[in-house]
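Going by the working numbering, the sequence shown opens with residue 5, and the numbers climb by one from there. Down below is the structure, laid out as structure tokens.
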Amino acid sequence: MRLRADRDICIGSGNCVLTAPEVFDQDDEGFVELLEPDPIPAHEQGVRNAVVRCPSGAISLSEPRE
């Protein structure tokens, strides 16, 4: 899985940090910072929840092709 965080779309709600703090953070202005663009399997559920809970759609997830 590969993550992207679009800081131009982010509204700073912080849902991603609350849902998956191992993968996301916020800068001094409150906008998303991606700590791990290729999260480990143990963080997968939190990442998926963060994508769904992002009110602005700033976080996207892509799956590798098989």
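Glycine included, each C-beta is placed from N, C-alpha and C at the ideal position. Note that the structure is a prediction, hence the values are computed from the model and not measured.
In its own chain, which residues sit with a C-beta less than 6 Å from the C-beta of N53, not counting the 5 before and 5 after it? Numbered from 1 along the sequence shown, position 49 holds the residue referred to as residue 53. Cβ neighbours of N53 beyond the five flanking positions: T23.
**Asked** Should R6 and S66 be called a contact, given that it needs their Cβ atoms to be closer than 8 Å?
**Response** Within the sequence shown, residue 6 is the residue found at index 2, counting from 1. Within the sequence shown, residue 66 is the residue found at index 62, counting from 1. Contact flag set, yes.
Note to self: Just to confirm, is the Cβ distance from S64 to V55 under 8 Å?
What the structure shows: Your numbering for residue 64 matches position 60 in the sequence shown. Your numbering for residue 55 matches position 51 in the sequence shown. In this structure, V55 lies closer than 8 Å to S64 by Cβ.
Just to confirm, is the Cβ distance from A46 to A9 under 8 Å? For the purposes of this step, residue 46 is taken as residue 42 along the sequence shown, with counting starting at 1. For the purposes of this step, residue 9 is taken as residue 5 along the sequence shown, with counting starting at 1. Going by C-beta atoms, A46 is not nearer than 8 Å to A9.
The alpha helix (DSSP H) that contains A54, what's its start and end? Start at 1 with the first residue of the sequence shown, and residue 54 comes out as number 50. Segment E48 to R57, the alpha helix (DSSP H) holding A54.
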